[in-house]
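Just below is one structure, and these are the notes that go with it.
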Amino acid sequence: MALFQYTSNSKAMGTISDDPPATLIQDLKITTQNVSLIFPSRKAERKKSMFLSNIDKVLNFPVETVHFFRSHEDFPPHVAAEKLKTALSELLVPYDFLAGRLRSNRETGRLEIDCNSAGIGFAVASSDYALDDVGDLVYPNPAFGQLICKSVDSLEQDDQPLCIVQVTSFKCGGFAMGIVTNHVTFDGLSFKIFLDNLAAVTTEKPLAVTPCNDRLLLAARSPPCVTFPHHELDKFRDSNPPVIDATSEALDFKVFRLTSDDIANLKEKAKAPAIGSHVSDARITGFNVVTALVWHCKALSWDNKESNLDRVSTLLYAVNIRPRLIPPLPMSYTGNAVLTAYARATCKEIDEAPFSRLVELVTEGAKRMTDEYARSAIDWGDIYQGFPNGEFLVSSWWKLGFDEVEYPWGRPKYSCPVVFQRKDIILFFPDIDDNNGVNVLVSLPSKEMSKFKTLFHKYLS
Numbered sequence: 074m075a076l077f078q079y080t081s082n083s084k085a086m087g088t089i090s091d092d093p094p095a096t097l098i099q100d101l102k103i104t105t106q107n108v109s110l111i112f113p114s115r116k117a118e119r120k121k122s123m124f125l126s127n128i129d130k131v132l133n134f135p136v137e138t139v140h141f142f143r144s145h146e147d148f149p150p151h152v153a154a155e156k157l158k159t160a161l162s163e164l165l166v167p168y169d170f171l172a173g174r175l176r177s178n179r180e181t182g183r184l185e186i187d188c189n190s191a192g193i194g195f196a197v198a199s200s201d202y203a204l205d206d207v208g209d210l211v212y213p214n215p216a217f218g219q220l221i222c223k224s225v226d227s228l229e230q231d232d233q234p235l236c237i238v239q240v241t242s243f244k245c246g247g248f249a250m251g252i253v254t255n256h257v258t259f260d261g262l263s264f265k266i267f268l269d270n271l272a273a274v275t276t277e278k279p280l281a282v283t284p285c286n287d288r289l290l291l292a293a294r295s296p297p298c299v300t301f302p303h304h305e306l307d308k309f310r311d312s313n314p315p316v317i318d319a320t321s322e323a324l325d326f327k328v329f330r331l332t333s334d335d336i337a338n339l340k341e342k343a344k345a346p347a348i349g350s351h352v353s354d355a356r357i358t359g360f361n362v363v364t365a366l367v368w369h370c371k372a373l374s375w376d377n378k379e380s381n382l383d384r385v386s387t388l389l390y391a392v393n394i395r396p397r398l399i400p401p402l403p404m405s406y407t408g409n410a411v412l413t414a415y416a417r418a419t420c421k422e423i424d425e426a427p428f429s430r431l432v433e434l435v436t437e438g439a440k441r442m443t444d445e446y447a448r449s450a451i452d453w454g455d456i457y458q459g460f461p462n463g464e465f466l467v468s469s470w471w472k473l474g475f476d477e478v479e480y481p482w483g484r485p486k487y488s489c490p491v492v493f494q495r496k497d498i499i500l501f502f503p504d505i506d507d508n509n510g511v512n513v514l515v516s517l518p519s520k521e522m523s524k525f526k527t528l529f530h531k532y533l534s
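Counting in the numbering used here, the sequence shown runs from 74 upward without gaps.
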């Protein structure tokens, strides 16, 4: 069983405490009142199906997010739930694919969305607790999974909705909006636009952004043409590999909190190359410096053997390709428009390189993602069955802005994904108090976690 451990609220650099929040509740005592289906508010012209790009089709797994709201006198939970229900019905007209179902094309066998207006799920539930009883919302409590309705029991497995929304009221009058979507429907940026549109419609305003649903914009070329070596991709060795596969290995779980001051200090450190080294071409951003720090700690915590220094460590992270394509993809594109960038180095290089060099290597991963490189990666997916492959992936929810969405009842107190533990995925979460701070969620075997922790604090000192 994993050990849950949490960062303290101390302002000291990267300090952590070995104890979870004292008020951590593992059972939110949820009662589900109703589960129903929501259909489009009006009939649109029937589309047979929606094409899914090579990026979309490998992301056939659920993504769960929870959005917590304080009590509002004019919008108690039952009123908010009805407004959301009505707004979702309206949104299923421009987002018609969301009310569809995943199918394999009978002729090609390719995964696609049958736009059959079969509806999305909507659940209403209540908790026996007040929102303040739940404790620190930044801590990724596994109990938050109880705020998600994972399936509609009245439907067969192959007829499950691509989206289910659950509104859970708390005793204080606050509530949580838990949303599960299949990842084929949205990436993080397009889901943020969906939330902006949801908020606009609940406020009886026009759509904030008109969605672009043309997934053919990211279709592979004909014939496909792979023009780069894609070290970030690997062919499936199994005909039906698990995309999200929780390890059976016992993992320690820690949250490392970096304040805005910590990040500013890392940026200053990145500006100072070692004596005699070349002028760094690093793009010094908060994401790049935190990612470089995490890469250093993760790569060197692998094991204690000297042979580890010769091992090549490959870091993966997602890059938005919308502005990188020629012509640029509309920012309103609803599908998955992110590809995996990578940085590679031997552990010896990571150990000995100045921090500026690590930031530069992270920067090069995104710079590599030109129009031709992105098209080559998409075409690669037409030739091979594969998935991003590296030592670990940084999944950043830091700057997506889910907690900046303005609903009639106000912005969320906090928004976060429901966390699953993977030693090969490190998550970046926003901080609830420090707008420019970040929480780094790490799951590792105990021995590796001990070394990661030591390296983390040593590097920050």
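Ideal placement from N, C-alpha and C gives every residue a C-beta, glycine not left out. Predicted model, so just to flag it, every value in this text is computed and none were measured.
Rounded to whole angstroms, what is the Cα-Cα separation between residue i and residue j?
| i | j | result |
| --- | --- | --- |
| Leu-132 | Ser-126 | 10 Å |
| Cys-291 | Glu-445 | Going by the sequence as given, residue 291 is Leu instead of Cys. Computed Cα separation, rounded: 12 Å. |
| Leu-271 | Pro-503 | 22 Å |
| Cys-298 | Thr-275 | 45 Å |
| Arg-384 | Phe-195 | 49 Å |
| Ala-343 | Gly-182 | 49 Å |
| Leu-157 | Tyr-168 | 15 Å |
| Asn-313 | Phe-264 | A caution first: Asn-313 carries a pLDDT of 48, below 50, which makes its placement in the model too unreliable to give a value. |
| Ala-450 | His-303 | 7 Å |
| Gly-246 | Ser-224 | 26 Å |
| Glu-521 | Asp-100 | 30 Å |
| Asp-507 | Asp-335 | 11 Å |
| Leu-339 | Ile-357 | 9 Å |
| Leu-289 | Arg-495 | 32 Å |
| Thr-104 | Ala-198 | 5 Å |
| Val-432 | Lys-486 | 32 Å |
| Ser-122 | Asp-452 | 22 Å |
| Ser-295 | Ile-456 | 11 Å |
So what's residue i in DSSP terms, helix, strand or just coil?
| i | result |
| --- | --- |
| Lys-459 | In the sequence under discussion, the amino acid at residue 459 is Gly, which differs from the Lys named in the question. Three-state result, Gly-459: strand. |
| Thr-387 | strand |
| Gln-233 | coil |
| Ile-317 | Only weak support exists for where Ile-317 lies, its pLDDT of 45 falling under 50; the value from the coordinates is given anyway. Note: Ile-317 maps to coil in three-state DSSP. |
| Tyr-179 | Note on residue identity: the sequence assigns Arg, not Tyr, to residue 179. In the structure shown, Arg-179 sits in coil (DSSP, three-state: anything other than H, G, I, E or B). |
| Tyr-79 | Legend: pLDDT at Tyr-79 = 33, less than 50; position of this residue unreliable, value from coordinates given subsequently. Three-state DSSP puts Tyr-79 in a strand. |
| Met-522 | helix |
| Asn-338 | helix |
| Cys-420 | helix |
| Val-435 | helix |
| Phe-502 | strand |
| Pro-135 | strand |
| His-140 | strand |
| Val-152 | helix |
Measuring CA to CA, which of the options is closest to residue i?
| i | options | result |
| --- | --- | --- |
| Ile-266 | Asp-100, Asn-409 and Asn-509 | Asn-409 |
| Glu-118 | Ala-203, Gly-261, Val-166 and Phe-141 | Val-166 |
| Leu-97 | Tyr-202, Leu-431 and Glu-155 | Tyr-202 |
| Thr-413 | Ala-426, Arg-448 and Lys-472 | Arg-448 |
| Gly-454 | Thr-436, Pro-113, Ile-128 and Asn-107 | Ile-128 |
| Phe-170 | Phe-124, Ala-293 and Leu-366 | Phe-124 |
| Glu-341 | Ser-429, Lys-102, Gly-251 and Lys-371 | Ser-429 |
| Ser-200 | Ala-249, Glu-163 and Asp-231 | Ala-249 |
I think residue i touches residue j, with their Cβ atoms under 8 Å apart; what is that distance to the nearest whole Å?
| i | j | result |
| --- | --- | --- |
| Trp-470 | Phe-501 | 6 Å |
| Ala-160 | Ala-191 | Ala-160 to Ala-191, Cβ: 19 Å. No contact. |
| Val-139 | Leu-220 | 5 Å |
| Ser-468 | Ala-418 | Going by Cβ atoms, the distance from Ser-468 to Ala-418 rounds to 21 Å, so no, they are not a contact pair. |
| Trp-368 | Ala-416 | 7 Å |
Do the CB positions of residue i and residue j come within less than 8 Å of each other?
| i | j | result |
| --- | --- | --- |
| Phe-309 | Phe-460 | yes |
| Phe-243 | Trp-482 | no |
| Leu-373 | Cys-420 | yes |
| Ile-237 | Ile-193 | yes |
| Pro-135 | Val-253 | yes |
| Glu-322 | Asn-462 | no |
| Cys-222 | Gln-239 | yes |
| Met-442 | Ile-399 | no |
| Val-435 | Thr-364 | yes |
| Asp-269 | Val-478 | yes |
| Asp-476 | Ser-488 | yes |
| Asn-512 | Val-328 | yes |
Looking at the ligand MG, does it come within less than 7 Å of residue i, judged from the CB to the closest heavy atom?
| i | result |
| --- | --- |
| Val-363 | The ligand MG is absent from the structure shown, which contains no ligand whatsoever. |
Under a CB-based cut-off of 8 Å, is residue i close to chain B?
| i | result |
| --- | --- |
| Tyr-390 | You won't find chain B in this structure, because it holds only one protein chain. |
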